[in-house]
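In full-length UniProt numbering, the protein residues as written are 1 to 1067.
Right, here's the structure in full:
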């Protein structure tokens, strides 16, 4: 029965194609519609009307100066043929997304697109191959009119696109059968996408698809998690005119109005209004999950009560970046209406939630109960005073957060914690061992193996209702620890009796979702094979309720702890936002010296209550991270929080293994956990920190110590080869946009968003700034600079590309030719001491880096990995002032073949250079602004104008030297640094890349490989909305073998206008 239902659904939104299945034809039309984000008028998650829901009404309640839930949008619709008479009805769950387009390896996809909207649009695919005349993307690429027809389809026009799915774009053997991609309009991507033109594209292995989709599943759903920003829509003015009778002057600049137009939706639905997610118990479901949008569009997608498989790992929570997609498989387990949500705090509160139903279609289906151990725990929720900084730090930056004052709370807060007891009398607490002292504010570690049953007797000894909500296990709907409108299955007898009495059904929350003060509840969870507290998940976790749950393979636990490891540590990185705690008012009354002076909306007060903590401690107060050299250590890393809580943990001094990849940095999303293993071989006291600028300054730092515990000393590695680089820090005048011709052509006929960043009019600095950069010299005299050849011209602001092989000793003779102290230090190398020497102006110092086997890539990684080198005197200010460069470390056996002869290498730094944080800001103001106005540095527009969204220090297509030939083996070394805004998803038009490691994010690096096959000049950019608008875009050129990139018709005509003479050497 369920299979038949699937057949009907898929035929409705399936393709019109030839019987062979090799050519898939779609007939699409762009139409303008009225879209309601909450058509029921209800918050379906809490069973409240939008009018009565304080949080939902911010976005969905129509008012005198509010648009409400309905907006005009543009959408893709599918038709049966080119007459456009009969629409192919799509399933309701697709929302405003276009139809699902599908292809498998070897297929050709033909899309006939008619634009019935009132302005130009297009269609551009991610994950398929196309020629320049079928790209569907408008940007200056030096193509003629014939190849521009596809870029922008005018109203009333029809264009036919032809795309293909070659092996180079298809899923690899390590991927799932089908991969999640998407298509969208690309005339002006930020505005087109927020106007509604987006749809799912599923690319599959050969032989995977039949008439019903992926033959290996019963149902498939495509879900888009996106904060649709209606302020960016082409139809904003029309929506204001339609839904607001008398709009106030300056309405579009009003912050509250702007916030009201940010729709935190799933497929364009908020607060449980997404319909149609229904399946039968035992069905195999393919979830195609996507994210698109801006910096806030980092999502942790949590499926309550279920276990999914993605990338060969089992989980119940999946992380998504903007402009990314992933495929997950799930076998529908326990019947009920289950919550599906993004667990990022702000998104949860703003309505990014849906319900999916698992029906018991086959009454005789019986799922055998796992036969493992019963592991029982006794846990209470208890209120106590927590001190984030028992030892007051000397950092001046810490004063804002830890110093108590007349209108400041300080470092001590009333909180609630999970506390373990010995039995169900809850009389005797379990004392923490020395090995557990590092847990800090975390609750006890719950450990279990696959097939085990976890029973938690929970007593609420606090003053308000709390629960326990687990991750990574399965449970019945009655045991869901989250409070939402959960319609439990009604028995036949109860239903008939209620109908006889003509009584309405009253839905009450199950006891598991609302454990009142002074009461107990027993939770029971099952640990499946393979494999946080939520009355109010935002306020509960910020109040302190969180603890680790460790799921292990069978036989991995010995006496309740992990076998084969000497040490086990748990680190949770989060910004505890005490403004959202249940106890904020209590804390103000208790700790502010003049409570009546506190303004809870005042920006400084709000910021002072955001505790950037590791396990509840700030500024190196976390105790207990001590280990021996050579220990086998497991680190269990997790995160909580909101949009700002995309934390990156950097381990100084020692690298770790994560999924067989050797690294020293890993990104942690809210409600996502990772396990990494380490065998420390460097001794001393090192830092583990979140290097995101605001988090580091806010105190997200701890120390870990590696000691020599054995008389036996392992034989050290022999460094086979020594290399010496001569590098200076030198101050220079840097231009982020030396040529504005590409930008001018890009924004022809419209106001350029670049003006706020690049123009000096209005009292701004413009595109030129004094900076400090690393540059290479020929010898220790530092008189002759090494001239960059064409293959290194792309580096831009970065220092030289330093190469090292495993077994090398790298000496950097560093001369500080600048006017203030700087240094040079690299991630991922060994040094004599954890301390980095500060080199004073005019002085020279030699830094020595050792590249041993524990610093190079593993056999599971790419042959070469990239790290960053930078100055550490003040990491943030030195970085934003310009001091950074790439260090490429390769496996010894591979590089003997000759890296430079085998591979084209391009290192790209994606960084929002915040010139407000530069050492040279005041000097730049004096140099470039006549008569600067008072308090200029506090002006928000001025601050924004100094944030340069750059690739290698260039904006709006100014990166030069990204040239290659068809068939070249190309390594792209991607580097990310900076602050919370530095979330980057890199998109190459025209080509796919191959990668083995995970995501590219804050303060992270990644190597990807490409074999360019299609000649042309292609766009390369960060796909985050604000970053596109602000110019984080470059171009790369692929030429036919033997044809120079500066041949006729291939070089941009505006390159000739650049006045700066460059030495160009093409191979």
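Glycine residues also receive a C-beta, built at the ideal position from the N, C-alpha and C atoms.
Helix, strand or coil: which one does DSSP assign to residue 837? coil
Measuring alpha carbon to alpha carbon, tell me which of 376, 277 and 287 ends up nearest residue 359. 277
When the Cα atoms are used, what is the spatial distance from residue 633 to residue 110? 53 Å
May I have the straight-line CA-CA distance separating residue 129 from residue 1010, to the nearest angstrom? 14 Å
Closest to residue 126 by C-alpha separation, out of 143, 120 and 101, would be which residue? 101
Output the distance between the C-alpha atoms of residue 120 and residue 659, rounded to the nearest integer angstrom. 45 Å
Can you have a look at residue 15 and say buried or exposed, based on whether 16 or more other CB atoms are within 10 angstroms of its CB? Because the pLDDT at residue 15 is just 40, under 50, the model does not fix this residue reliably, and the point stays unresolved.
Assuming residue 654 contacts residue 861 (C-beta within less than 8 Å), just tell me the rounded distance between them. With a Cβ gap of about 17 Å, residue 654 and residue 861 do not count as contacting.
Give me the DSSP bridge partner(s) of residue 571. 637
Rounding to the nearest angstrom, what Cα-Cα distance links residue 537 and residue 336 in this structure? Confidence is the limiting factor: at residue 537 the pLDDT is only 49, short of 50, which leaves the residue's position unreliable and the question unanswerable from this model.
Can residue 186 and residue 124 be called in contact, C-beta distance under 7 Å? yes
For residue 280, list the residues DSSP reports as bridge partners. 359
Anyone know if the C-beta pair for residue 722 and residue 767 falls short of 7 Å? no
Between residue 305 and residue 84, is the Cβ-Cβ spacing less than 7 Å? no
Quick check: the segment 862-877 against the segment 954-965, are there 3 or more CB pairs under 8 Å? no
In angstroms, rounded to a whole number, what distance separates the CA positions of residue 774 and residue 666? 26 Å
Residue 600 by DSSP, collapsed to three states: which one? coil
Pick from 192, 196 and 213 that is closest to residue 24, judged by C-alpha positions: 213
Go ahead and label residue 1040 buried or exposed: buried means 16 or more other beta carbons lie within 10 angstroms of its beta carbon, across all protein chains shown. exposed
With DSSP collapsed to three states, give me the class of residue 976. strand
Do residue 512 and residue 985 have their C-beta atoms closer together than 7 Å? no
For residue 812, does the three-state DSSP call read helix, strand or coil? strand
What runs of the beta strand (DSSP E), each 3 residues or longer, lie entirely inside the segment 840-876? 844-850 and 864-870
Can you tell me which of the three DSSP states residue 258 falls into? helix
Three-state secondary structure (DSSP) of residue 896: Bear in mind that the predicted position of residue 896 carries a pLDDT of just 46, short of 50, making it unreliable; the figure below should be weighed with that in mind. Correct three-state label for residue 896: coil.
Quick check on DSSP: helix, strand or coil for residue 471? coil
Strictly by DSSP, which residues pair up with residue 108? 23 and 164
Assign residue 880 to one of three DSSP states: helix, strand, or coil. helix
Which class does residue 273 belong to by DSSP, given the choice of helix, strand or coil? coil
Euclidean distance between Cα positions of residue 448 and residue 315: 15 Å
Cβ shell of residue 253 (< 6 Å), same chain only, five flanking positions each side left out: none
Using a Cβ-Cβ cut-off of 6 Å (strictly less than) and excluding sequence neighbours within five positions of residue 233, which residues of its own chain qualify? 194 and 195
Cα separation between residue 389 and residue 396? 14 Å
Look up residue 184 in the DSSP assignment and say whether it is helix, strand or coil. strand
N- and C-terminal bounds of the beta strand (DSSP E) containing residue 1032: Premise fails: residue 1032 is in no beta strand (DSSP E) and is neither H nor E.
Name the two residues that bound the continuous alpha helix (DSSP H) containing residue 132. Note, residue 132: premise wrong, no alpha helix (DSSP H); not H, not E.
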